[in-house]
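>
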Amino acid sequence: MHISSQFDSGNINVVRANSPEDILLTIPKDNQSDFAQWFHFRLMGETFVTHTMTITDLAKSAYPEGWKDYNVLASYDRETWFRVPSTFDGDNLTFSLTLEQPSVFFAYFIPYSYERHLDLIHHAQTSLFCEHRFLGLTLDGRDMSMLVIGEQTPEKKKVWITARQHPGETMAEWCAQGIIYRLLDEQDGLARQLLDNAVFYIVPNMNPDGSARGHLRTNAVGTNLNREWASPTAQKSPEVLYVLDAMADTGVDMYLDLHGDEALPYNFVAGTEGNPGYTADIEALENTFKQTLLTATPEFQDEFGYEKDAPGKANLTVASNAVGEKFSCMAYTVEMPFKDNANIPDNVNGWSAQRSQQLGEDLLIAVNAVVNKLK
Ligand SMILES: [Zn+2]
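Here it is as structure tokens:
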């Protein structure tokens, strides 16, 4: 028996693995930080034998609530991922799998590798409507890339979308992929109307270093990028610096920042109601967005989510708040679940890569409604 994690976004520590029924694991922390939650490893074992794994010390993980009613993801072919029923006792997550093949991958959510990320932006750049821009280098020396979709003319609305500031929230990049491919579909009427009225600036991976390192929440040097938007620095958070500079060049009329939430089994949005510059006009656009998305898909709901900020009490280090305030625009944090959408649960897949992509396509229906109001 053998367990390894030396690959893109791999992350696990083996405490002991003496026999298939006694495998004990822990999750290493993100580099230079205290966050631990993302895991991704390969088990080579014996076919037709049941392997029982326990990940321990989870009371000290970043989101202990995230393990309640959570089921681990597994894959034999690294394309099709399925849920493995898991139990959580407050500190230990235990799950068993009878191997159908000698090697199986396990992960916290369906991985979105750096190679897949490069494939996405390079497929996209071959479209006539899409321009691929280099923003700068990360601290580990990876490229920060942005896609500009739609012909840029001054009268068009500028829609900004960022994903995966928190690298373990891979559903955010799956969702961005859904958005990008729908926009590039020349026979999609909604996409054509959108691109007549708007230009999209999309950063599908805000944190390529943390992604490749197998982090949940931080970049190469332990910075939580979604707390850097008030005063990013080249030393701690160049990723945010590049994007804020690019936003200052283009302007922003609407902003979505895509995330995953460890604990809540729902898709939801968090707005900028606590911003000093929040207005009735922004609230009206938020309502248009939410009402349109509620009609478009039962994957969205507006009952469960984060507590709303009191007026003037927004945390302006958070991307959506900072961008909404700086550009006086509608700005949402979009959250997807790690577990499932409890309103329409799926016991085999839970929340999945496919559902994340579909949500991305459906988000554009709500974006279109807002852009039509902004015209
Ligand atoms: Zn997040």
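Be aware that the sequence shown starts at 59, since it is given in this note's numbering, and climbs by one per residue.
Ideal placement from N, C-alpha and C gives every residue a C-beta, glycine not left out.
1. Which complete alpha helix (DSSP H) runs does the region 353-398 hold, if anything under 4 residues is left out?
2. Is the beta carbon of S185 closer than 8 Å to that of M102?
3. At which residue ranges does the region 279-337 contain complete beta strand (DSSP E) runs of 3 or more residues, listed in the order of the chain?
4. With a threshold of 7 Å, establish whether the CB of H224 neighbours any heavy atom of ligand 1.
5. Which residues mark the beginning and the end of the beta strand (DSSP E) in which E189 is found?
6. Let me check you understand the geometry: is the CB of G318 closer than 7 Å to at least one non-hydrogen atom of ligand 1?
7. If you draw a straight line from the alpha carbon of M111 to that of E104, how long is it in whole angstroms?
8. Is it the case that the Cβ atoms of K255 and K431 are separated by a distance below 8 Å?
9. Between the C-alpha atoms of Q245 and G408, what's the straight-line distance to the nearest angstrom?
10. Given this structure, state the Cα-to-Cα distance separating A120 from D92, to the nearest angstrom.
11. Got a sec, what are the start and stop residues for the alpha helix (DSSP H) V425 sits in?
12. What is the C-beta distance between N277 and L197, in whole angstroms, given that I count them as a contact (C-beta under 8 Å)?
13. Rounded to whole angstroms, what is the Cα-Cα separation between S171 and E227?
14. So, using beta-carbon positions, are L205 and C233 closer together than 8 Å?
15. Note down the Cα distance separating N150 from L82, rounded to an integer number of angstroms.
16. List the DSSP bridge partners of S203.
17. What residue range does the beta strand (DSSP E) around I435 cover?
Here's the rundown:
1. With a minimum length of 4 residues, the continuous alpha helix (DSSP H) runs that stay inside the region 353-398 are 377-385.
2. The count along the sequence shown starts at 1 and reaches residue 102 at position 44. The count along the sequence shown starts at 1 and reaches residue 185 at position 127. For M102 and S185, no; Cβs fall outside 8 Å.
3. With a minimum length of 3 residues, the continuous beta strand (DSSP E) runs that stay inside the region 279-337 are 312-319 and 326-328.
4. What you label residue 224 is simply residue 166 of the sequence shown in a count that begins at 1. Relative to ligand 1, the beta carbon of H224 is positioned inside 7 Å of a heavy atom.
5. Your numbering for residue 189 matches position 131 in the sequence shown. Here the beta strand (DSSP E) through E189 covers C188 to L195.
6. The residue given as residue 318 occupies position 260 in the sequence shown. It does: the Cβ of G318 is within 7 Å (strictly closer) of some heavy atom of ligand 1.
7. For the purposes of this step, residue 111 is identified with residue 53 of the sequence shown, where counting begins at 1. For the purposes of this step, residue 104 is identified with residue 46 of the sequence shown, where counting begins at 1. Distance between the alpha carbons of M111 and E104: 14 Å.
8. Translated into positions along the sequence shown, residue 255 becomes position 197. Translated into positions along the sequence shown, residue 431 becomes position 373. Correcting the residue identity first, residue 255 is Asn in this sequence and not Lys. In this structure, K431 does not lie closer than 8 Å to N255 by Cβ.
9. Position 187 of the sequence shown, counted from the first residue, corresponds to residue 245. Position 350 of the sequence shown, counted from the first residue, corresponds to residue 408. Approximately 31 Å, taken between the alpha carbons.
10. In the sequence shown, the residue the question calls residue 120 occupies position 62. In the sequence shown, the residue the question calls residue 92 occupies position 34. Approximately 8 Å, taken between the alpha carbons.
11. Position 367 of the sequence shown, counting from 1, holds the residue named residue 425. Where V425 is concerned, the enclosing alpha helix (DSSP H) stretches over A411 to L432.
12. Along the sequence shown, one-based indexing puts residue 277 at 219. Along the sequence shown, one-based indexing puts residue 197 at 139. At roughly 7 Å, the Cβ-Cβ gap stays under 8 Å, so N277 and L197 are in contact.
13. Here residue 171 corresponds to residue number 113 of the sequence shown, with the count starting at 1. Here residue 227 corresponds to residue number 169 of the sequence shown, with the count starting at 1. Their backbone Cα atoms lie some 12 Å apart in a straight line.
14. What you label residue 205 is simply residue 147 of the sequence shown in a count that begins at 1. What you label residue 233 is simply residue 175 of the sequence shown in a count that begins at 1. Between L205 and C233, the CB-CB gap reaches or exceeds 8 Å.
15. Taking the sequence shown and counting its residues from 1, the one referred to as residue 150 is at position 92. Taking the sequence shown and counting its residues from 1, the one referred to as residue 82 is at position 24. Those two C-alpha atoms are separated by around 10 Å.
16. Looking up residue 203 in the sequence shown gives position 145. Bridge partners of S203: F192.
17. A query on residue 435 cannot be resolved here, the shown segment of the chain reaching from 59 to 433 and no further.
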